[in-house]
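Report on the following structure.
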DNA sequence: TGCGCGATTGACCGTATAGTCATTATTTTG
DNA sequence: CAAAATAATGACTATACGGTCAATCGCGCA
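Residue numbers (my numbering), protein chains in the order written: chain H, 1 to 207; chain F, 208 to 414.
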């Protein structure tokens, strides 16, 4: 009965992936609180209500756990950002889409953003560099849209790539501030301020 | 002979402070490369061409060394920034002063900026939070200047404090990018872009 | 119920590193 | 120049943590 064998195997697979997800969820919290190096596998195990040995049945090493956590969220964030950018029409709308996508995912995944913004880039795990890598594609999309808008005279001429990175900086800065302190403003207010600021900077000169 | 005693004592003091400075310089490099936790006292000692035991004659603990390194540079950076801001007249000039001061000190103290932008904020040392603390005063100065400019109708009305923090974010973002990658642009170009961008965003509407 | 086997456990090992201190080197002093 | 005082050293200790594995558990099945 290949079907049954298949079924049995897939059930086992499901259980296995569920355990992995449990561990990833626990690890994300611990990494967010302590950073990669200070986080201990013992604490991750305790959070997941498992013995340390069990952790090593599902992941080869602490570094593999960390990579699983980060890859998971970085990929989702990248995908969501690109989707929202693609769905927008004009360059300004794409910029808005970028900012909104990042704020939305930050709201949903506070722990992940804590790791991104707080984690040392020193050995053995290069999180800052990795995060920048995953930013490249969305920023590239913004750059292209900006170049296009300038070519069509819809925006005053600016260095497109620097502007795109600047949009990313503004977003990162606002989110970091919201994570590091108790924000005095709502996310909506922060987003609106950024968008007004960017719009004002890019509107054609009074001439 | 109290003078001679005084002199002798002060000479000893000088030697002592010189040793401390040597250790701080070595430690800054190691912390910048490895981050607080991965940096070892042995490596700091080796860089300073001292035995580990000697380090502990001048500092109580690894954390005390770290605090000395950070306090040193954070205070200098704060002072330089405040001086340049105070020397400028208008709000826009003060913003320019802020950005130029940060870029200049980053140029001069690459290692320190590496620590600031790369260090985990996790226990036991809260560098991100501490760095934000030292930013508060310069940002406060910018906020006041901006509020003033708005009151005098020299600038279109914007939320002053958010704008001030945004200027800080733009600066931090640009510097982080310069530290993390091999910059394709000169510091001058980056500064000019930021200033043009900010000026454009703040000029009165075409109306 | 009792058996077999995979899943789980946590005591244990090796290693790395912050911090100590008896010993050694250097400088000061009489 | 010798003795005393001071500075520097690095082997050593205690501890913490990543990773292992023999012992144990408990689920599914007959």
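Cβ coordinates follow ideal geometry from the N, Cα and C atoms, glycine included.
Item to check | Selection from F/355, F/239 and F/381 that minimises the alpha carbon distance to residue 296 of chain F | outcome: The residue given as residue 296 of chain F occupies position 89 in the second chain. Residue F/355 is the option with its Cα nearest to residue 296 of chain F.
Checklist entry - Do we get a CB-CB distance below 7 angstroms when we pair residue 103 of chain H with the residues of chain F? => result Stepping through the first chain from its first residue, residue 103 of chain H is reached at position 103. It does not; no Cβ of chain F falls within 7 angstroms.
Next on the checklist: Quick check on residue 400 of chain F - is its C-beta less than 7 angstroms from some C-beta in chain H?
Outcome noted: Locating residue 400 of chain F in the second chain gives position 193, where the first residue counts as 1. Answer yes: the Cβ-Cβ gap between residue 400 of chain F and chain H drops below 7 angstroms somewhere.
Checklist entry - By DSSP, does residue 308 of chain F sit in helix, in strand, or in coil? => result Within the second chain, numbered from 1, the residue matching residue 308 of chain F stands at position 101. Residue 308 of chain F: helix per DSSP, three-state reduction.
Checklist entry - Do residue 190 of chain H and residue 180 of chain H have their C-beta atoms closer together than 7 angstroms? => result Counted from its first residue, the first chain places residue 190 of chain H at position 190. Counted from its first residue, the first chain places residue 180 of chain H at position 180. In this structure, residue 180 of chain H does not lie closer than 7 angstroms to residue 190 of chain H by Cβ.
Checklist entry - From which residue to which residue does the alpha helix (DSSP H) around residue 75 of chain H run? => result Here residue 75 of chain H is taken as the residue at index 75 of the first chain, counted from 1. Note, residue 75 of chain H: alpha helix (DSSP H), 62–87.
Next on the checklist: Suppose only complete runs of 4+ residues qualify. What are the alpha helix (DSSP H) ranges in the region 350–383 of chain F, listed by chain order?
Outcome noted: none
Next on the checklist: Looking at chain H, is there any beta carbon in it that lies within less than 7 angstroms of the beta carbon of residue 238 of chain F?
Outcome noted: Taking the second chain and counting its residues from 1, one reaches residue 238 of chain F at position 31. Judged by the 7 angstroms Cβ criterion, residue 238 of chain F is not in contact with chain H.
Item to check | Cβ shell of residue 279 of chain F (< 7 angstroms), same chain only, five flanking positions each side left out | outcome: Within the second chain, the letter at position 72 stands for residue 279 of chain F. Same-chain partners within the cutoff: 231.
Checklist entry - How about residue 226 of chain F: is its C-beta nearer than 7 angstroms to some C-beta of chain H? => result On the second chain, position 19 is the one that residue 226 of chain F refers to. No, its Cβ sits nowhere closer than 7 angstroms to a Cβ of chain H.
Next on the checklist: Between which residues of its own chain and residue 223 of chain F is the CB-CB distance below 6 angstroms, once the five residues before and five after are set aside?
Outcome noted: Numbered from its first residue, the second chain carries residue 223 of chain F at position 16. Taken in chain order, the list of residues that qualify is empty.
Checklist entry - By Cβ distance, which residues of its chain are closer than 8 angstroms to residue 330 of chain F, with the 5 residues on each side in sequence left out? => result Here the question's residue 330 of chain F lines up with position 123 in the second chain. Since pLDDT at residue 330 of chain F reaches only 48, below the 50 mark, its modelled position is unreliable, and the value read off the structure follows with that caveat. The answer is none, since no qualifying residue turns up.
Item to check | Closer than 7 angstroms to chain F by CB, residue 162 of chain H | outcome: Position 162 of the first chain, counted from the first residue, corresponds to residue 162 of chain H. Taking Cβ atoms only, chain F reaches closer than 7 angstroms to residue 162 of chain H, which makes this a yes.
Checklist entry - Going straight from the alpha carbon of residue 410 of chain F to that of residue 372 of chain F, what length do you get? => result Working through the second chain from its first residue, we reach residue 410 of chain F at position 203. Working through the second chain from its first residue, we reach residue 372 of chain F at position 165. So the alpha carbons of these two residues sit roughly 19 angstroms apart.
Item to check | CA nearest to the CA of residue 351 of chain F, picked from F/239, F/390, F/336 and F/369 | outcome: What you label residue 351 of chain F is simply residue 144 of the second chain in a count that begins at 1. Answer by Cα proximity: F/369.
Next on the checklist: What does the alpha-carbon distance come out to for the pair residue 339 of chain F and residue 378 of chain F?
Outcome noted: For the purposes of this step, residue 339 of chain F is identified with residue 132 of the second chain, where counting begins at 1. For the purposes of this step, residue 378 of chain F is identified with residue 171 of the second chain, where counting begins at 1. So the two alpha carbons sit approximately 14 angstroms from each other.
Checklist entry - Would you report the Cα separation of residue 64 of chain H and residue 326 of chain F, rounded to the nearest angstrom? => result The residue given as residue 64 of chain H occupies position 64 in the first chain. The residue given as residue 326 of chain F occupies position 119 in the second chain. So the two alpha carbons sit approximately 22 angstroms from each other.
Checklist entry - Is the region 45–58 of chain H close to the region 22–36 of chain H, with three or more CB pairs under 8 angstroms? => result yes
Checklist entry - residue 366 of chain F and residue 357 of chain F: beta carbons closer than 7 angstroms? => result Within the second chain, numbered from 1, the residue matching residue 366 of chain F stands at position 159. Within the second chain, numbered from 1, the residue matching residue 357 of chain F stands at position 150. For residue 366 of chain F and residue 357 of chain F, no; Cβs fall outside 7 angstroms.
Checklist entry - According to a CB-to-CB cut-off of less than 8 angstroms, which residues of the region 68–102 of chain H neighbour chain F? => result none
Next on the checklist: Does residue 152 of chain H pass the burial test, meaning 16 or more other C-beta atoms within 10 Å, or should it be called exposed?
Outcome noted: Counting from one through the first chain, the residue named residue 152 of chain H turns up at place 152. Exposed, by the Cβ-count rule.
Checklist entry - Would you say the region 76–84 of chain H touches the region 94–106 of chain H, given that touching needs at least three Cβ pairs under 8 angstroms? => result yes
Item to check | Under the three-state DSSP convention, the category residue 50 of chain H falls into | outcome: For the purposes of this step, residue 50 of chain H is identified with residue 50 of the first chain, where counting begins at 1. Correct three-state label for residue 50 of chain H: coil.
Checklist entry - So which residues of chain H does residue 235 of chain F contact, with C-beta pairs closer than 9 angstroms? => result As a working mapping, residue 235 of chain F is identified with position 28 in the second chain. None at all; the shortest Cβ gap to chain H is about 14 angstroms.
Item to check | Chain-ordered chain H contacts of residue 339 of chain F [CB-CB under 7 angstroms] | outcome: Numbered from its first residue, the second chain carries residue 339 of chain F at position 132. What residue 339 of chain F touches in chain H: 180.
Next on the checklist: DSSP three-state label for residue 123 of chain H, please.
Outcome noted: For the purposes of this step, residue 123 of chain H is taken as the residue at position 123 of the first chain. Reliability of the predicted coordinates at residue 123 of chain H is poor, the pLDDT of 46 falling under 50, and the value obtained from them is presented with this limitation in mind. Here residue 123 of chain H sits in coil by DSSP.
Checklist entry - Using the beta-carbon count (16 or more within 10 Å), is residue 138 of chain H buried or exposed? => result As a working mapping, residue 138 of chain H is identified with position 138 in the first chain. Answer is buried; the Cβ neighbour count reaches 16.
Item to check | Nearest candidate by alpha-carbon position, reference residue 129 of chain H, set F/237, F/389, F/277 and F/269 | outcome: Translated into positions along the first chain, residue 129 of chain H becomes position 129. Residue F/389 is the option with its Cα nearest to residue 129 of chain H.
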